[in-house]
Amino acid sequence: MVVDLRSDTVTRPTEQMLQAMVAAELGDNVLGDDPTVQRLERMVAELLGKEAALFVPSGTMGNEIAIMAHTRPGDAILLDDQCHILHYELGGPAALAGVLTHTTPCVNGRIEAADMAQRIYKADDHTAGTALLCIENSHMRTGGIPVPTEHMRILAETAHARGVKVHVDGARLFNAATALGVSARELVADVDSVMFCLSKGLACPVGSMLAGTTEFIRSAHRIRKLLGGGMRQVGILAAAGIVALDSMITRLADDHRRASELARGIARAPGFMVNTDAVCTNIVFVTTEKPATETERELTDRNVLALALDSHRLRLVTHKDVNDSGVEQAIAAFHSIG
Ligand SMILES: *Cc1c(COP(=O)(O)O)cnc(C)c1O
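Each residue of the sequence shown is one higher than the last, beginning at 2 in my numbering.
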């Protein structure tokens with residue numbers, strides 16, 4: 002059996018999702034009449050306590066649409082120095098939105114309000130004004146650390162007091178909420194927009210959601226079309242999203258328990274280091290003595306797939322298609338490499 006821990010995006014749709022997809026009532030979503038998409042968008046708006054929501058093809062497109070909708074070319078945006086938007090979206094903010102990017106330090110998954118406030122610029126005759134702050138929750142590159150509700154509120158208040166909008170890259174928002182024991186709605190109560198992925202731990206084949214005010218979503222809708230993300234009978238995909246919201250959120254705690262077991266098991270293997278305290282959600286980072294790509298190959302030979310994210314750092318992500326015996330197999334593989 003291959004245990005695929007490269008990402009939670011490798012999850013296959015559930016039987017219930019496939020049945021819902023086959024049975025989905027469809028329309029032309031570019032003409033605005035796909036009832037299944039409409040239903041999913043209403044469900045998401047309700048779930049997150051926002052006025053409106055929009056189905057988008059990917060998390061990347063959702064983030065980039067949000068940046069474009071909240072800014073004008075020549076504005077500045079503020080990102081943490083470890084975030085997905087900065088590292089893995091191909092320079093989208095520059096290429097698509099034409100904005101200047103400032104960064105603020107991220108330590109253990111969080112940025113500090115004081116550091117952040119110092120890097121907010123007011124527009125004048127010489128300076129690009131900061132229009133948007135993006136917060137990633139859970140924070141992937143620091144190990145899936147969730148940012149607590151209270152800290153989200155402080156960051157949002159600090160930004161808003163300076164006229165800066167706040168977007169949340171919540172690709173794994175429900176993992177964060179689960180780990181913190183709060184609702185996703187509470188977690189994003191103070192921000193202007195939020196993106197989360199249906200295609201990761203929630204196990205849908207495709208899709209992400211963007212939520213915010215009616216006005217923001219109206220603008221996001223136009224930008225989605227501009228980027229080529231207007232899709233026709235996309236209710237086929239939205240149907241899986243509805244099943245995911247109904248049935249895949251409550252099981253995320255299982256992924257977190259398995260990630261924690263995986264971390265503790267690997268930490269005992271010689272040649273590898275794991276900060277087990279940092280494992281709160283479904284992501285485990287392993288520091289390797291050898292180059293991470295070498296360990297990645299050795300694991301692959303043992304039917305365990307991981308991702309070398311940095312020169313000496315491997316990422317493993319638990320998800321619904323990894324069970325307890327998969328976790329045991331992965332731990333055994335690390336011990337056999339030594
Ligand atoms: C995966 C991810 C994205 C982008 O999602 P895609 O659907 O892969 O484009 C954005 N932000 C974070 C933190 C992610 O982990």
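Note that CB positions come from ideal geometry on N, CA and C, so glycine has one too.
Note that the coordinates shown come from a computational prediction; the quantities given were computed from them, not determined experimentally.
Residue i, enclosing alpha helix (DSSP H) - first and last residue
i: R43; result: 36-49
i: L260; result: Strictly speaking, residue 260 in this sequence is Ala, with Leu absent from that position. Its alpha helix (DSSP H) spans residues 253-268.
i: I332; result: 325-338
i: E158; result: 150-162
i: N64; result: 60-71
i: L97; result: Segment: none, L97 is in no alpha helix (DSSP H) and carries neither H nor E.
i: T179; result: 174-181
Reference residue i; option with closest CA among the options
i: A293; options: N304, I284, M274, D278; result: M274
i: D9; options: V285, G164, R163, D302; result: V285
i: I243; options: C205, V31, G266; result: C205
i: A190; options: E158, D125, A172, C198; result: E158
i: A160; options: A309, A221, T37, G130; result: G130
i: L228; options: V3, H320, A96, A25; result: A96
i: G33; options: D302, D255, K226, S326; result: K226
i: E42; options: D82, N304, G213; result: G213
i: L300; options: H88, E26, A331; result: A331
i: D170; options: V108, I155, V192; result: V192
i: I78; options: N30, L49, T102; result: T102
i: A241; options: D5, T12, V4, D125; result: T12
i: C1; options: A245, G231, S59, L156; result: The shown model of the chain, from 2 to 339, leaves out residue 1, and the question about it has no answer.
i: T179; options: L253, Y122, D311, R186; result: L253
i: V57; options: Q20, L87, Q39, T72; result: Q39
i: G28; options: I218, P36, A21; result: P36
i: M22; options: A245, F335, E329; result: A245
i: E262; options: I250, N283, T251; result: N283
i: R219; options: E26, E151, A67, M232; result: A67
i: R163; options: P147, L238, E137, M117; result: M117
i: Y122; options: I146, E90, G75, T289; result: G75
i: D255; options: G266, N324, G208; result: N324
i: A334; options: R298, A309, T72; result: R298
Inter-residue spacing [alpha-carbon to alpha-carbon] between residue i and residue j
i: E400; j: G93; result: The question about residue 400 has no answer, for the chain in this structure spans 2 to 339.
i: A114; j: S248; result: 36 Å
i: F197; j: R120; result: 26 Å
i: I112; j: R142; result: 13 Å
i: K291; j: G272; result: 8 Å
i: S139; j: M153; result: 11 Å
i: T194; j: R173; result: Residue identity differs from the one stated: residue 194 is Ser in this sequence, not Thr. Straight-line Cα distance between these residues: approximately 15 Å.
i: A53; j: R314; result: 39 Å
i: C84; j: G236; result: 31 Å
i: V165; j: M2; result: 49 Å
i: G182; j: L199; result: 20 Å
i: T277; j: S337; result: 20 Å
i: S326; j: F175; result: 25 Å
i: S264; j: H88; result: For the record, residue 264 in the displayed sequence is Ala; it is not Ser. Their backbone Cα atoms lie some 25 Å apart in a straight line.
i: Q17; j: D82; result: 39 Å
i: G50; j: R186; result: 6 Å
i: G144; j: Q20; result: 34 Å
i: R269; j: T150; result: 33 Å
i: M69; j: L203; result: 26 Å
N- and C-terminal bounds of the beta strand (DSSP E) containing residue i
i: S1; result: Lying outside 2 to 339, the shown extent of the chain, residue 1 is not represented and no answer is given.
i: G213; result: 209-213
i: L80; result: 77-81
i: V23; result: Careful: V23 lies outside any beta strand (DSSP E), inside the alpha helix (DSSP H) at 16-24.
i: V57; result: 53-57
Three-state secondary structure assigned by DSSP to residue i
i: I112; result: coil
i: T105; result: strand
i: L227; result: helix
i: G144; result: coil
i: R308; result: The question names Arg, but residue 308 in the sequence shown is Leu. DSSP places L308 in strand when its eight states are reduced to three.
i: M274; result: strand
i: D247; result: helix
i: V11; result: helix
i: D5; result: strand
i: T294; result: helix
i: R186; result: helix
i: E90; result: coil
i: L238; result: helix
i: I218; result: helix
i: N30; result: coil
i: H85; result: helix
i: M232; result: coil
According to DSSP, residues forming a beta bridge with residue i
i: C135; result: H168
i: V285; result: L317
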